[in-house]
Structure formats: C-alpha cells, structure tokens
Amino acid sequence: MARKPTDDAITLETAGLSEMSKVERLKAQSAGLFWVGGEAGHSFASEIDALTRGDAATLSNDAKEISKHFGIYKQQERLESRKTGEYIFMVRVKVPAGGEFSSAQWMALDAAAQRFADGTIRVTSRQGLQFHHVTAKQLGPLIREFNQTYDPQDLTLTTLGACGDVNRNTMCSPIDDLHRDCPLRSRELAFGIAAELAPRAGASSYYQVFLQDEEEQRMRPVTTDEPIYGAHHLPRKFKVGIAHPLDNSIDVLTQDVGFRPIVDGLGHAEQYDLYSGGGLGITHNLPKTMQLLGLYLGQVPRRQVVETVKAIAILQKEHGERKDRKQARWKYTIRRLGVERVRAELRDRFNIALSDADPQPLPPNRFWLGWHPEAGDGDRYFLGLHLLSGRLKDEGDVRLRSAVRTLVSELRIAIRCTPNQDLLICHVPGDQRAWVDRQLECHGVAPSHALSPVRQQALACPAKPTCGLAMTDAERVLPGYLEAIEQAGLGDVDVVIRVAGCPNSCSRPPTAEIGIIGYGKNDHVIQVGGSRAGTRIAKPLYSRVPEEDLPHVLVNLVRTIRDHGGNEQAGEFLHRTPVAQLRAWVGYSESER
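Heads up: the sequence shown begins at 0 in numbering that gives the first Met the number 0, then just goes up one per residue.
What follows is the structure in structure tokens.
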C-alpha cells in the first residue's frame, strides 16, 4: 500500500514492507518466528542446533532479532570496555506478576543456574528472572530445562516473549493478594493478560525449536497464524503493569498500559484507573526521544482489563512506527494519535466501558523488606529478602542463593519476585519464623533491618560486562557508591538511588530521587527529584560526570539531602530546590572538569 502523503509515520496502514526497517522485514518473513531471512534462508532451529553441536560460536545477526522473541540476548563480554571475542548469552524467563514459584520450580531454577549459567539468578526490575554467561552449547539445553508446568496458573516457566516486539512480562504488585488489610485479586488479571497476549505462531515455533525430540519433523512451521500480533508483531516491546492501592513498586506510569485498582467499601476492586503511554528509554542527544509518563484515560471495569490491554496492543500494531525504531514505542504512538482518538477507539471499536473519572492518588513505591503478616485466617507470614541489584548468589561468607535454596527445600514455601529486584519468601508458618531467621544468619545473610536505608532502596541494571547496550557499569559499581555513602556516615539518609548503564533505563532512574544513567564510555547523567509515587520525571542535575567523580558527587548530594532537606522526602526536596543551589551545595561543577 502506498504511503499517504499527509502521514509522516510508516505504519501498517500507510506503507509497504519495503519502506519498513530491516527488523520489520525479518519479523514479517519469519512465518511466526520460524525462518531466518524468510523461507529462502534457513530455520532458526538450524542455528540453535549448530550452537549445541559446537559448529557455530554464536547466532547470526539476523537470527539475533528472532532470538529476542524467545527470551535470548546475544552478548559478547567486555573487559575494560573492549569486547573479548567470547560470545555468551543472557536468557530471560517470563514470570507474570513475579511468579509464585513452588518449591519444586525454584529448586529446578536454582539447579539450572548452576548447571547451565554462571551460578547466579538475577531478579529483574520487571519481576522476571535472568540467567547470565550462558555458553553457545548450553543455550538450547537451558531453555528446554525451563519449560516445566507452572502451577496453579497453568502457564509455563517459559522464555517465550520475555524479550522481542511483543507484550513483555506483565507486572503486578507482589503483595497484591498477600497484604492482610487489602488483599486483592489483580494477579489473576496479570496472568490473564500474559496468556491473552502470548504469541501463538511464535509458541508453535518455540516448541519446534526447543522442545521437540530430535526425531520429530522441524522442516516447516506448523502454523503462521498470529491472531493478535499478525506477521509483523508489534513495532517495539510492550509493557503492562498493575499497581496496588498501597504499593506502586511496579511504577505504573512508566508502563505502556498501567492499572491502579479502585477499592470499594467491601474491599473489592471492580474498577481500575487506566494509564497509557509511559516509557523511560531515550537516546542521548536525540531530542525527539523522551522520558514520558503514562496519560490518564479513565476507568475500566475489572471484567474488561484484559480486553483493554489487547485493544491497545492492536492499536499499537496498526498505528505504531515501523521504520524508525526510536519512535516506535506506544508512548509516541498515543501522542501522535491523540488521547481523545484512543479513548474513542476503545469505546466505539472495542466496546470497552471506559468511563470518565478523576484518578485516585497513586501510592508510593514500597520495598516490603522484613516480616509481614499474610492475608487469610492462618498464622502465616511473608519475608522480604533484599538482593543488591537483584543478584542472587553465593559470594564469600554470604551464601544468599544457598540460604534461599535451604528455606525452599525444607519448608516447601513459595517465592515471588518484586519490581525492586528483591524476593518475597511467602507462606511461612508463624512458628517457623525464628528458624528462618537462624538459617539466614547461618548463611551469612544480614537481616534487612541491619542494612542501611540507602542500601535497601538502591537498584542497578546488569550493564557491563555483558549487556550489549550498556555504555558504562551499573551493577558492578553500585556497591562502591553505597560503601562511600555509608563510610561518610550517610547510610541512614532515606533516599532512592537507581543506576543504569545506558539511557534505556531498565532500572528506572528517571523516576528515582537520584537517578544515574550511563553516557559514553565513562560519563554519567545525574537526574534528581523523582517522586516516591512515580508521578514525576527527575530533572537533570549534571549532564556529564566521569566515573571517577561519581562517588564524590553522590556523597555530597546525599549529604545535601541530610543537611538541607529537613523532614521533607528526598525527592520533594530535590525537586523544589533550584539546580544552581543544589550544585553549590554539592560543590561540583562540570565546567571545572
């Protein structure tokens, strides 16, 4: 179809495949993620088989784009900012609502980390799990290992759709049905969204690539029918989350589609505030890319939450940018279409009972560390366990991964992942709390109350040396920043610090009270003044701070909060204080570098 001269966007409605990006062509020609380069090319399965046999060192560049939809990221480890030539993979497991892993499932994941990866499990800021340093030969066997029955939601421990241009991991407050004073059932909706927006043809190809026996036929795709996504899939990744009236740890305004339950007098949530069009990723020095918060659209009934997400995904499929991937996210599409048009489409075309209303206040981001009573009649508790940057590992005297394995195997309890990259140990009988505390102590794991507030609330993405998009370190340098702050006697300052190695901002620094974003090989942007409720984008404080200066700047910035912030929350103080005054108190000037 020829492009309409009045429409600048390259979309399915305005352009033909030849006008779209190479990624769009690869997806359209893959026949449901089966082929690499179309039928005239070769199957994706053939590349996985070559890796497993040792005949290839890594995936081809074209196969890399297909592999993302299967939860795979092709990577090359870097030392001192240079690629070593050794190819590895990161594999992500899709876990709606952060899971509730049974003891058997967690034990299988723990064993897989040791057998196929680097012996660590990484909790992501979207409540998923990542496995790092997976070798080429282990890639296929690891993914086969993951695909176990996911009880009771009848999903699987799958990597399908954990990356790629589809609905990513659907988030939900980890305390949704656990909080004793306000137990809800939004997790059911998160699982419903994940199931409804799961790839269909992609699932068939996934099965053929990773789960069929060697003797089974894998020469052609079983089906190419993708009823929601179509041959092209979505233009970019698509993120959905559901907050809780007492907890916005999912950062609802940063989602492509976000919901906030509205609780009635009976303690039920039959209506949900709907936000749409959030996203924090940008490209440095490209003003048309923006950190944006979701727009309020109105209220939808609980019975239509899943259909609402599906409708918005279809609108994005039809109207999203297909040439310039930097403009392809829904946050740009909704603003190009206009909020009123999107509301009208939801009501008139998709029959969504979207009602005009004033949004309910958003709650703060909460961490849920330590012991908390669970909802229900039984004497049960959940324990929030802090993981620095989400990394679950044994290191030195602190054997955190072994501690969790012991708790799960002995008590047969469940595990949930939080958006703050922590774990909830769930359904612990009241008479076993002391035993749990002793086990953690025996494994060298400090109780959360022994950790400084600044450490409890700090997040970082993996960044270097593995992530191919990372410009700087994040996870590897965060411990040093925290130690510098604590050694300066500032660990008790109540402030949220988040660090990302690139402007994709996976650890959500733009909504943090102090956000640090990698820039170039050694510099960082510092933004300050985000809100605890995630309702504000932090303002730029410094545009370029070298790595060697960051500890000094952070220590003085945290000291400024302590000395001048009074009783105000750190984000509110940083937001209202002029940048020039903050820089004067910090005592650092970019012009003096």
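Backbone N, C-alpha and C define an ideal beta-carbon position, used for all residues, glycine too.
Under DSSP, T332 takes part in no beta bridge, so it has no partner. When DSSP states are grouped into helix, strand and coil, N566 belongs to the coil group. Residue burial annotation: A96 is buried, with at least 16 other C-beta atoms found within 10 angstroms of its C-beta. Distance from the CA atom of G528 to the CA atom of A161, rounded to whole angstroms, is 31 angstroms. I560 is positioned such that its CB atom lies no closer than 9 angstroms to that of Y541. Listed in chain order, the alpha helix (DSSP H) elements of length 4 or more contained wholly in the stretch 41 to 121 are 43 to 52, 60 to 66, 102 to 115. Contact between the stretch 122 to 141 and the stretch 29 to 43 is absent: fewer than three C-beta pairs spanning the two stretches fall below 8 angstroms. DSSP, reduced to helix, strand and coil, places D548 within a helical segment of the structure shown. The beta carbon of G519 is closer than 7 angstroms to those of M470 in its chain, skipping five residues each way along the sequence. DSSP places V495 outside any alpha helix (DSSP H), giving it a letter other than H or E. By the CB criterion at 9 angstroms, G31 and G201 fall inside the cutoff. DSSP, read as helix, strand or coil, puts Q270 in strand.
When the Cα atoms are used, A230 and D430 turn out to be separated by approximately 55 angstroms.
Here V305 is not bridged, per DSSP, to any residue. A Cβ-Cβ separation of about 6 angstroms places D272 in contact with Q298 under the 8 angstroms criterion. Of the residues D61, Y274, I351, L50, the one whose Cα lies closest to the Cα of K330 is Y274. Within the DSSP secondary-structure output, P372 pairs in a beta bridge with Y380. When the five nearest sequence neighbours on each side are left out, the beta carbons in the same chain lying within less than 8 angstroms of the beta carbon of Q315 are those of L233, P234, F237, D255, W329, T332, in order along the chain. For A532, same chain residues with a beta-carbon under 6 angstroms away, outside a window of 5 residues either side, are N247, L361, P363 in chain order. Taking the C-beta atoms as reference points, A459 is found nearer than 9 angstroms to A499.
Within its own chain, the residues whose Cβ lies closer than 8 angstroms to the Cβ of W34, once the five positions on either side in sequence are excluded, are Q28, G40, H41, S42, F43, P220, listed in chain order. Counting C-beta pairs closer than 8 angstroms gives three or more between the stretch 480 to 497 and the stretch 544 to 556, which meets the contact rule. Among the bridge pairs identified by DSSP, N166 is matched with F237.
Nearest C-alpha to F349 among G389, V308, Q211: V308. Non-local beta-carbon contacts of T417 in its own chain, meaning distances under 8 angstroms to residues more than five positions away in sequence, involve G97, V122, Q126, P173, S248, F366, W367, G383, L423 in chain order.
DSSP, reduced to helix, strand and coil, places W584 within a helical segment of the structure shown. Per DSSP, R259 is one residue of the beta strand (DSSP E) stretching across 256 to 262.
Rounded to the nearest whole angstrom, the CA to CA distance from D347 to E23 is 30 angstroms.
Bounds of any alpha helix (DSSP H) do not take in Q290, whose DSSP letter is neither H nor E. A356 and G257 have their alpha carbons spaced roughly 16 angstroms apart. With distances taken between CA atoms, V427 lies nearest to S101 out of F69, S101, H68, G70. Distance from the Cα of D522 is smallest, within the candidate group A487, A473, E567, A569, for A473.
Going by C-alpha positions, K26 is about 32 angstroms away from Y295.
C171 and S124 have their C-alpha atoms roughly 12 angstroms apart. Assignment of beta-bridge partners to L294 by DSSP yields S275. Of all alpha-carbon atoms in T223, E317, Q104, G277, the one lying nearest the alpha-carbon of G15 is that of E317.
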